[in-house]
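Here's the structure we're looking at; comments come further down.
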Amino acid sequence: MKIAVASGKGGTGKTTIALNLALCLADKARLAHKARLADTLHPVTYVDCDVEEPNGHIFLKPKIEITETDSVPVPKVDEAACTACGECSRICQFSAIVCLGSAAMTFPELCKGCGGCFMVCHDGALTEAKRAVGKIEKGSSGPLGFLHGKLRVGEAMSPPLIRRLKAEIPTIPASTTIPKEGIVILDAPPGTSCPVVETVRDADFVLLVTEPTPFGLNDLELAVAMVRLLRVPFAVGVNRAGSGDDRVERYCRKEDIPILFELDDDRRISTAYSRGELLISALPEYRGLFDRLGSRILEMVS
Amino acid sequence: MKELTVISGKGGTGKTSLVASFAALGRSTVIADCDVDAADLHLVTDPRTVECHSFTGGKEGRIDPALCNGCGTCADLCRFGAISPGGAPKALTAERCTIDPFACEGCGVCAHFCESGAIELVEPVQGEWFFSETRLGPMVHARLGIAAENSGKLVSLIRNRARQIAEERRLDLIIVDGSPGIGCPVIASITACDLVVAVTEPTLSGLHDLERVAELTAHFGIPLIVAINKFDLNETIAGELEEWCAEKEITVAGRVPYSSDFTAAMIASESVVEFTESPASTAIKKLWNAIEEALRNGER
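Structural data, given as structure tokens:
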């Protein structure tokens, strides 16, 4: 079961919610399976899909077991074999390969790796080179499985790395209380465009975190339109409750969207966050909120 | 004419609120909201829209079901897993192939190799962009279609129009409000600009994200200065941030205190400096003076 935490607006507390929710669910799953679950088996995995600026690791300090480089296949021209027929540049929609003069020339940064140029080249003049898009790291933190990606600085396209990251999500054996592939918490990037779509499009549920301000509401409306278009069930959570006004609440009531939690505008939460401390460890009185949130979401999905 | 881009790496550090204040303080500016998939600046500038254009950013494959024979070649060739051969794999011939527009990258491989000529590349409208007049000066902004792609192209379009307007009206400065992150829209909003201001906050996440932003601006050879918002949230980490900047020879242009004025101004549809005379407002003015000086010095 995949639960995505997304937001539209940045800095609304996605990572805080995703991490603490994941930990509470993991603790619960461990308790329920005390006798049967090996320590190396993680029924709940936290996946940081904000590959441009991943922050989850700062709080979880995970033990990384596997590091892999992800790349997209890009063409490399053998100038001796190329007859400059121009077929490759005609099929390329991204101007990543052009044909001027005696041989084709590539712009690997623009390539999306569709493979079209390889398919049309009759001269056997193209070989596959790689453009690194980033790194994937896999490991664990206490009861939680951990997975994140780091986009290579200078790389423009994050969706391929997010796609790869999601393909790496481990599967765990089915049981009666843990859904088949375990519970996966996807921490989404901000916004409503392709990186977010890549993260949430196959989720079973999306929790949209917002704050009770004009910017918060505006971006929530965009995020709601996105999840509706993708037909993923969703609900809202309000962070920094009390810091603004009631416009988010009124909007959710009008649109009949459930609000699953309200987290106070508590300066102690921001301070714990600033130090890289997990909220439920720094301020255990908030654990109940995340336990209830986890149960509500599991109920709504099943 | 100069171009200043405000980014942050981490979201929610106060970029847009600061940009609105900068626009209010700058005397001869064009505003460009390049945070196209979560644009908020218009909420505090009250724009009166003069021009509205549709944005067609990229292509997408469409299958004509009347022509498709369901052979599945397209699905085999698609590297993005965007095409389903339709129905059970063994019954391909009776089914039509379908393209998932959210997964399609518009590469056109399917259209090229379709034997029945059933696939064409179309250019769907992926958003709208506007030129508006505001009390803070002319503004170019956009609304990227929900779940759309090619935000980088839209950002470039907005910057070009903003530059045109600055030239026509002889305005000295373009202030660009960028997106969080370091990917495609951010790269499109900083390339060839004169100065980047990174707005950060004294949290470990803020520091981590600033490091990546600084790597990005260095990669493209663009001068960078830093503004620390909410600096009193954690003065120890604020100190670490400053030390890190000093080590990297990056100027810290200003420090703005944690303040509820940001939200209150937003609710009043104003920038912080218009809304109130307060410590936060004074700190923003000081920050703006430092940015103007950095622009004058063409600081590198």
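Residue numbers (the working numbering), protein chains in the order written: chain A, 15 to 316; chain B, 94 to 393.
Note that CB positions come from ideal geometry on N, CA and C, so glycine has one too.
Problem set entry | Closest by C-alpha distance to B/Leu264, when choosing among B/Thr98, B/Val123 and B/Ser101 | Translated into the one-based positions of the second sequence, residue 264 of chain B becomes position 171. Ranking B/Thr98, B/Val123 and B/Ser101 by Cα distance to B/Leu264 puts B/Val123 first.
Problem set entry | Coil, strand or helix - A/Glu151 by DSSP | Indexing the first sequence from 1 puts residue 151 of chain A at position 137. The answer is strand: DSSP assigns A/Glu151 an E or B state.
Problem set entry | Cβ-based neighbour list, B/Leu394, same chain, cut-off 7 angstroms, excluding 5 preceding and 5 following | Absent from the structure is residue 394 of chain B, since the part of chain B shown begins at 94 and ends at 393.
Problem set entry | Touch test, the stretch 120-133 of chain A against the stretch 97-108 of chain A, Cβ-Cβ under 8 angstroms, three pairs minimum | yes
Exercise. Between the C-alpha atoms of B/Pro350 and A/Cys125, what's the straight-line distance to the nearest angstrom?
Worked result: The residue given as residue 350 of chain B occupies position 257 in the second sequence. The residue given as residue 125 of chain A occupies position 111 in the first sequence. Taking the straight line joining both Cα atoms gives about 44 angstroms.
Exercise. For A/Leu158 versus A/Tyr60, is the C-beta distance shorter than 8 angstroms?
Worked result: Counting from 1 along the first sequence, the entry for residue 158 of chain A is found at position 144. Counting from 1 along the first sequence, the entry for residue 60 of chain A is found at position 46. Against a cut-off of 8 angstroms, the Cβ pair of A/Tyr60 and A/Leu158 comes out as a contact.
Problem set entry | B/Leu229 versus B/Arg262 - alpha carbon distance | Taking the second sequence and counting its residues from 1, one reaches residue 229 of chain B at position 136. Taking the second sequence and counting its residues from 1, one reaches residue 262 of chain B at position 169. Each residue's Cα considered, the two are about 14 angstroms apart.
Exercise. CB-CB under 7 angstroms to B/Glu333, same chain, minus the five flanking residues each way: which ones, in chain order?
Worked result: Locating residue 333 of chain B in the second sequence gives position 240, counting from the first residue. Contacts found: Leu300.
Problem set entry | Backbone CA spacing between A/Gly308 and A/Ile150 [nearest angstrom] | Position 294 of the first sequence, counted from the first residue, corresponds to residue 308 of chain A. Position 136 of the first sequence, counted from the first residue, corresponds to residue 150 of chain A. When rounded, the distance between both Cα atoms is 27 angstroms.
Problem set entry | Cα-Cα separation between B/Asn162 and B/Glu216, rounded to whole angstroms | Indexing the second sequence from 1 puts residue 162 of chain B at position 69. Indexing the second sequence from 1 puts residue 216 of chain B at position 123. Distance between the alpha carbons of B/Asn162 and B/Glu216: 24 angstroms.
Exercise. When Cβ atoms are compared, which residues of the stretch 129-161 of chain A fall closer than 9 angstroms to chain B?
Worked result: Gly129, Gly130, Met133 and Val134
Exercise. Among all the DSSP beta bridges, which residues are the ones paired with B/Ser225?
Worked result: Position 132 of the second sequence, counting from 1, holds the residue named residue 225 of chain B. Note: B/Ser225 sits in a beta bridge opposite B/Thr142 and B/Met232.
Problem set entry | CB contact flag (A/Val210, A/Ala20, <8 angstroms) | Residue mapping note: residue 210 of chain A aligns to position 196 of the first sequence, counting from 1. Residue mapping note: residue 20 of chain A aligns to position 6 of the first sequence, counting from 1. Against a cut-off of 8 angstroms, the Cβ pair of A/Ala20 and A/Val210 comes out as a contact.
For this session: To the nearest angstrom, report how far apart B/Leu297 and B/Leu309 are at their CA atoms.
Result: Within the second sequence, numbered from 1, the residue matching residue 297 of chain B stands at position 204. Within the second sequence, numbered from 1, the residue matching residue 309 of chain B stands at position 216. Straight-line Cα distance between these residues: approximately 19 angstroms.
Exercise. Since B/Phe195 meets chain A, which of its residues come closer than 9 angstroms, beta carbon to beta carbon?
Worked result: To locate residue 195 of chain B, count along the second sequence from 1; it is residue 102. By Cβ distance, chain A contributes Cys208, Val211, Glu212, Arg215, Leu243 and Leu244.
Exercise. By a C-beta neighbour count over all protein chains shown, 10 Å radius and 16 as the cutoff for buried, is A/Val238 buried or exposed?
Worked result: Your numbering for residue 238 of chain A matches position 224 in the first sequence. Classification of A/Val238: buried, given that the 10 Å Cβ count is 16 or more.
For this session: Using three-state DSSP, classify B/Arg262 as helix, strand or coil.
Result: Counted from its first residue, the second sequence places residue 262 of chain B at position 169. Looking at B/Arg262 - three-state DSSP - the assignment turns out to be coil, as it is neither helix nor strand.
For this session: Could you check how far apart the C-beta atoms of A/Gly196 and A/Pro57 are, in whole angstroms? I think they sit under 8 angstroms.
Result: Start at 1 with the first residue of the first sequence, and residue 196 of chain A comes out as number 182. Start at 1 with the first residue of the first sequence, and residue 57 of chain A comes out as number 43. With 8 angstroms as the limit, A/Gly196 and A/Pro57 qualify as a contact, their Cβ atoms being about 5 angstroms apart.
Exercise. Is the stretch 125-143 of chain A close to the stretch 78-97 of chain A, with three or more CB pairs under 8 angstroms?
Worked result: yes
Exercise. Who are the Cβ neighbours of A/Cys208 in its own chain at under 7 angstroms, not counting the five residues just before and after it?
Worked result: The sequence position of residue 208 of chain A within the first sequence is 194, counting from 1. Pro173.
For this session: Determine, using beta carbons only, whether B/Ala181 comes closer than 8 angstroms to chain A.
Result: Translated into positions along the second sequence, residue 181 of chain B becomes position 88. Confidence is the limiting factor: at B/Ala181 the pLDDT is only 45, short of 50, which leaves the residue's position unreliable and the question unanswerable from this model.
Exercise. Going by Cα to Cα distance, which pick from B/Asp193, B/Leu111 and B/Thr356 is closest to A/Leu243?
Worked result: Translated into positions along the first sequence, residue 243 of chain A becomes position 229. Among B/Asp193, B/Leu111 and B/Thr356, the Cα nearest to that of A/Leu243 belongs to B/Asp193.
Problem set entry | Rounded C-alpha distance that separates A/Glu101 from B/Thr284 | Numbered from 1 along the first sequence, position 87 holds the residue referred to as residue 101 of chain A. Numbered from 1 along the second sequence, position 191 holds the residue referred to as residue 284 of chain B. Roughly 31 angstroms between the two C-alpha positions.
For this session: Quick one: give me the first and last residue of the beta strand (DSSP E) that A/Lys164 is part of.
Result: Counting from one through the first sequence, the residue named residue 164 of chain A turns up at place 150. Start and end: Leu158 to Leu165.
Exercise. CB-CB under 7 angstroms to B/Thr106, same chain, minus the five flanking residues each way: which ones, in chain order?
Worked result: On the second sequence, residue 106 of chain B is found 13 positions in, with the first residue counted as 1. Cβ neighbours of B/Thr106 beyond the five flanking positions: Val292, Thr293, Glu294, Gly299 and Asn322.
Problem set entry | Sequence-distant residues of the same chain with beta carbon closer than 7 angstroms to B/Lys183, five excluded per side | Within the second sequence, numbered from 1, the residue matching residue 183 of chain B stands at position 90. Any reading at B/Lys183 needs caution, since the residue's pLDDT is 46, under 50, leaving its predicted position unreliable; the model's value is listed next. The answer is none, since no qualifying residue turns up.
Exercise. Where do the N-terminal and C-terminal ends of the alpha helix (DSSP H) with A/Tyr265 fall, by residue?
Worked result: On the first sequence, position 251 is the one that residue 265 of chain A refers to. Looking at the DSSP string, the run of the alpha helix (DSSP H) that includes A/Tyr265 is Arg261 to Glu269.
Exercise. Exposed or buried, which one is B/Ala387 when buried takes at least 16 other CB atoms within 10 Å?
Worked result: Along the second sequence, read from residue 1 onward, the residue named residue 387 of chain B stands at position 294. It is buried - the Cβ of B/Ala387 has at least 16 other Cβ atoms within 10 Å.
For this session: Could you tell me which chain A residues have their CB closer than 7 angstroms to the CB of B/Glu198, listed as they occur along the chain?
Result: Your numbering for residue 198 of chain B matches position 105 in the second sequence. Those within 7 angstroms of B/Glu198 in chain A are Lys126 and Cys128.
For this session: Check each residue of the stretch 94-112 of chain B: if its Cβ is closer than 9 angstroms to any Cβ of chain A, include it; give the result in chain order.
Result: Ser101, Gly102, Lys103, Gly104, Gly105, Thr106, Gly107, Lys108, Thr109 and Ser110
For this session: Could you tell me whether the Cβ of B/Glu216 comes closer than 8 angstroms to any Cβ of chain A?
Result: Residue 216 of chain B sits at position 123 when you count from the first residue of the second sequence. Not one chain A Cβ lies under 8 angstroms of B/Glu216.
For this session: Check whether the stretch 114-121 of chain B touches the stretch 266-274 of chain B, counting contact only when three or more Cβ pairs, one atom from each stretch, lie closer than 8 angstroms.
Result: yes
Exercise. Measuring CA to CA, which of A/Phe229, A/Asp278 and A/Glu291 is closest to B/Ser362?
Worked result: Your numbering for residue 362 of chain B matches position 269 in the second sequence. Among A/Phe229, A/Asp278 and A/Glu291, the Cα nearest to that of B/Ser362 is on A/Phe229.
Problem set entry | Range covered by the beta strand (DSSP E) that runs through A/Thr83 | The count along the first sequence starts at 1 and reaches residue 83 of chain A at position 69. A/Thr83 -> beta strand (DSSP E) spans Lys77 to Val91.
Problem set entry | Within chain A, the residues that B/Thr191 reaches when beta carbons sit closer than 9 angstroms | As a working note, residue 191 of chain B is residue 98 in the second sequence. Those do not exist, as B/Thr191 stays about 15 angstroms from chain A at its closest Cβ, beyond 9 angstroms.
Exercise. Three-state secondary structure (DSSP) at B/Ala116?
Worked result: On the second sequence, residue 116 of chain B is found 23 positions in, with the first residue counted as 1. Here B/Ala116 sits in helix by DSSP.
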